[in-house]
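Protein chains in written order, with this note's numbering: chain A, 19 to 180; chain B, 22 to 454.
No residue lacks a Cβ here, since even glycine has one placed at the ideal position from N, Cα and C.
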Amino acid sequence: MSGSSRTVVIGVGNDERGDDAVGLAVARVLARSPPPEVEVAELSGDLTGLLDLWAERPLAVVADAVLGAGPPGTLVRRDVTGGESLPTWGGYSTHGISLAEAVRLGASLDRRPGRLILYGVTIAAPGWGRGLTPAVAHAVPGVAGLIREELARPGADPRGGP
Amino acid sequence: MTERTIDVDYVARVEGEGACHVTIRDGAVDDVQLRIFEPPRFFEALLRGRRYDEAPDITARICGICPVAYQMSACHAVERSLGLTLDGPLRDLRRLLYCGEWIESHALHVYLLHLPDFLGYPDAMALAKERPAAVRRGLELKKAGNAILRTLGGREIHPINVRVGGFYRVPTLEEAATLRPVVEGALALAEETFLFASTLDFPKIEFDYEFVALTHPDEYPMNEGTVTSSTGLQLPAERFEEAFEEVQVPYSNALQVVRKGRGSYLTGPLARYALNRERLTPRARALATEAGLPDVVRNPYQAIVVRSLEMVFACEEALRILDDYRPPEVPYQTPPHPPAEGSWAAITEAPRGMLFHRYRLDAHGTIQEARIVAPTTQNQKRIEDDLRTVVARSLDQDDRHLADACEKAIRNHDPCISCATHFLDLTVDRGER
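In structure tokens, the structure reads:
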């Protein structure tokens, strides 16, 4: 998958942890009718896998759950192409790295896309078991729509301008 | 009386939430406490009432980096109740799965956690910026471990393909062949890692550890073996509790394990290597000799070298298994009889050391009681003993440097605090007399 010239949308999360799965839910909505030349991927395991998924892509959009950005369902969009610092929940550990650390690591190792956009959906806390809470589930179609718009913009391809 | 306290409020680059508190009185170390404040996780309690064959998948959730260790210890323990011993390709596949876990866990620890300590970087992100080749090597190694886990376990974190008696599905010959070049590449990277780690500068310090690990007459231990101590103790895994006991300390949410009548001991890579060096592959042994690695390593900072050597071994062992692999006719063995009532225990070697599981089953195979002793609970007391000496040697340093030295001494042993706090031992003091 690494080195593909296609844009990628990556949903990140864990289906067994309630609202933490919101990134996966967004990816699944997009996967039902993917925009042309766009690959939709899911990542539920080791987040170092992000580096392989997004390296050398013209554009990568990551959808994930975030904490502390407002009431549940609140949307956050960040352009983190340059490896910008993101707030992270806890430090990295022997058990893996966070999305924020994957962004920094990708920038340091030059394993990053031409443009990297993060769409975060605010959750109250990761829950237990399957299923999204109503406020978070309600946000999913809207986020998927905004990502579609992002992908359709001329600037979506860095070769085509800003 | 002069008193000086050193607090590391949050030990970075370890899994879970822990802190360290040191008290120095009149120029001498008075007290050292490794405080684990991550909340208890109640796994032993929630296993009660569950079926024997649910234990592997439930306990795998204790840890995201060593779920295989939990699955293996649980499987071996309950398989004893079923009169089941795996052999042939199924036994080999379990060993291959364990190789994958050792590779991914050790790679992450060596490169993202431990290496910055020796090269003077605050973390792996800073290390990646200045020495990207090193971190790339670590990530490639981890990826190879992940690939083994995905092929055998269905996914890289919390594998879902392990069951009592074997696997739900075994790899095809083609899948095994696809894995081979990945592991071959990892072997070259592991050797580079070992040779590089051997050249690092290590603080000059050695401890008279009591090493405890499994030993096996024919192989470097993973799934089976006899509990062996460097002081001469040898006993079957199911009798672990005769010689070792868990004790509670008021400042930590994790129990500490001590050798009865003796005190702290060390499990993990240094212990495995000290007690099993001769059962490494010839190539791994030759590398160790070439690099001047002593037969017994008593300097905890050199654990990074031993972990790297174990990655070399795990890659070679994985290649051997892949080369010999012929898919078994059935993916799992059927037990000769239903689970027998009684108490059944096993130990396997997690990346961080011995992992003990014991289950008391009733006549229907329902778990009545579970006990899980993770490597970090075993090493906790030993880490405090290390800290006492490290602090005593560094009393002239300012608090910031002393705290830094404490964190490094803790990281030498790769503690997994989430693993250590699975227990429930709740005492309610209502102030009534």
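Nearest neighbour of R347/B by Cα position, chosen from P238/B, T387/B, S364/B and E196/B, turns out to be E196/B. A distance below 7 angstroms separates the beta carbons of L104/A and A118/A.
Counting only runs of at least 3 residues, the segment 160-210 of chain B fully encloses no beta strand (DSSP E) element at all. According to the DSSP assignment, S329/B belongs to no beta strand (DSSP E) but to the alpha helix (DSSP H) extending over A324 to D345. Residues of the same chain with a CB within less than 7 angstroms of the CB of T172/B, apart from the 5 flanking positions on each side, are P192, E196 and L200 in chain order. A residue is called buried when at least 16 other Cβ atoms come within 10 angstroms of its Cβ; E331/B meets this threshold and is buried. Separation of S329/B and I404/B (C-alpha to C-alpha, rounded to the nearest whole angstrom) is 21 angstroms. Taking CB atoms only, N167/B has a neighbour in chain A less than 7 angstroms away.
A128/B sits close to G159/B, with the two beta carbons spaced by under 7 angstroms.
With respect to L111/B, G187/B sits close: the two C-beta atoms are nearer than 7 angstroms.
I388/B is classed as buried because its beta carbon has at least 16 other beta carbons within 10 Å across all chains shown. In chain order, L123, S126 and L127 make up the part of chain A whose C-beta sits under 9 angstroms from the C-beta of V156/B. Fully contained in the segment 216-244 of chain B are the following beta strand (DSSP E) runs of length 3 or more, in chain order: 233-236. Against chain B, the beta carbon of D82/A has no neighbour under 7 angstroms; the closest one sits roughly 16 angstroms away. Residues of chain B whose Cβ lies closer than 8 angstroms to the Cβ of T66/A are, in chain order, L160, K163 and K164. In its chain, beyond the 5 residues on either side, L148 have a beta carbon closer than 6 angstroms to the beta carbon of Y142/B. Within the segment 35-69 of chain A, contact with chain B at the beta-carbon level (separation under 9 angstroms) is assigned to S62, G63, D64, T66, G67 and L69.
Straight through space, the alpha carbons of T220/B and E213/B are spaced by roughly 11 angstroms. In the three-state reduction of the DSSP assignment, W72/A falls in the helix class. Secondary structure of T355/B (DSSP, three-state): coil. As summarised for the segment 120-165 of chain B, the continuous alpha helix (DSSP H) elements at least 4 residues long and confined to that stretch are 136-140 and 145-151, given in chain order. Within chain A, the C-beta atoms nearer than 7 angstroms to that of I178/B come from G63 and D64, in chain order. For Q389/B, the enclosing beta strand (DSSP E) stretches over residues I388 to V394. Beta-bridge analysis with DSSP links A59/A to I28/A. Taking a beta-carbon distance threshold of 7 angstroms, A90/B does not count as an interface residue toward chain A. In the structure shown, G100/A adopts coil according to DSSP, grouped into three states.
Between A211/B and chain A, the shortest Cβ-Cβ separation is not below 7 angstroms.
In this structure the segment 301-311 of chain B does not touch the segment 421-436 of chain B; the number of beta carbon pairs closer than 8 angstroms is below three.
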